[in-house]
């Protein structure tokens with residue numbers, strides 16, 4: 079908020095959905111940035127949420143996980159919000175309907 083003399087955080091104004099700000103002491107919405115592709119924000123936040131593993135989004139400023147689409151058959155992602163997918167090796171059988179990949183600690 080650009081107001082002076084504020085007595086609580088309640089007088090602050092949230093960044094809009096699809097945006098985030100990690101700035102403290104901000105006095106305008108200039109610090110609010112669009113969530114990058116592969117992420118979304120459905121509420122005021124200091125960080126955007128990754129699309130789930132096996133999903134992607136090319137939309138910046140997404141406001142929900144509805145923009146996160148499944149990878150096509152024969153492709154997978156080894157990490158959340160991966161911007162690209164990997165093709166299955168030639169000759170290998172890969173059933174994407176039964177595979178769940180989640181990488182942690184990265």
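In my numbering, the protein residues as written are 79 to 184. Note that CB positions come from ideal geometry on N, CA and C, so glycine has one too. Note that the structure is predicted; figures quoted are calculated from it, not measured.
By Cβ distance, which residues of its chain are closer than 8 angstroms to residue 139, with the 5 residues on each side in sequence left out?
Taken in chain order, the residues that qualify are 96, 97, 112, 113.
What do you get for residue 135, buried or exposed, if any count of 16 or more other CB atoms within 10 angstroms of its CB means buried?
Classification of residue 135: buried, given that the 10 Å Cβ count is 16 or more.
Can you tell me whether DSSP reads residue 95 as helix, strand or coil?
In the structure shown, residue 95 sits in coil (DSSP, three-state: anything other than H, G, I, E or B).
Rounded to the nearest angstrom, how far is the Cβ of residue 110 from that of residue 130, given a contact under 8 angstroms?
Going by Cβ atoms, the distance from residue 110 to residue 130 rounds to 24 angstroms, so no, they are not a contact pair.
Do residue 259 and residue 141 have their C-beta atoms within less than 7 angstroms of each other?
No information on residue 259 is available, as it lies outside the stretch 79 to 184 that the chain covers here.
Report buried or exposed for residue 116, applying the criterion of at least 16 other Cβ atoms within 10 angstroms of its Cβ.
Answer is buried; the Cβ neighbour count reaches 16.
Between residue 86 and residue 93, how many whole angstroms is the CB-CB distance? I'm expecting something under 8 angstroms.
No, residue 86 and residue 93 are not in contact; Cβ-Cβ is about 18 angstroms, not under 8 angstroms.
If residue 118 and residue 132 are in contact, beta carbons under 8 angstroms, what's the gap, nearest whole angstrom?
Wrong, their Cβ atoms sit about 16 angstroms apart, outside the cutoff.
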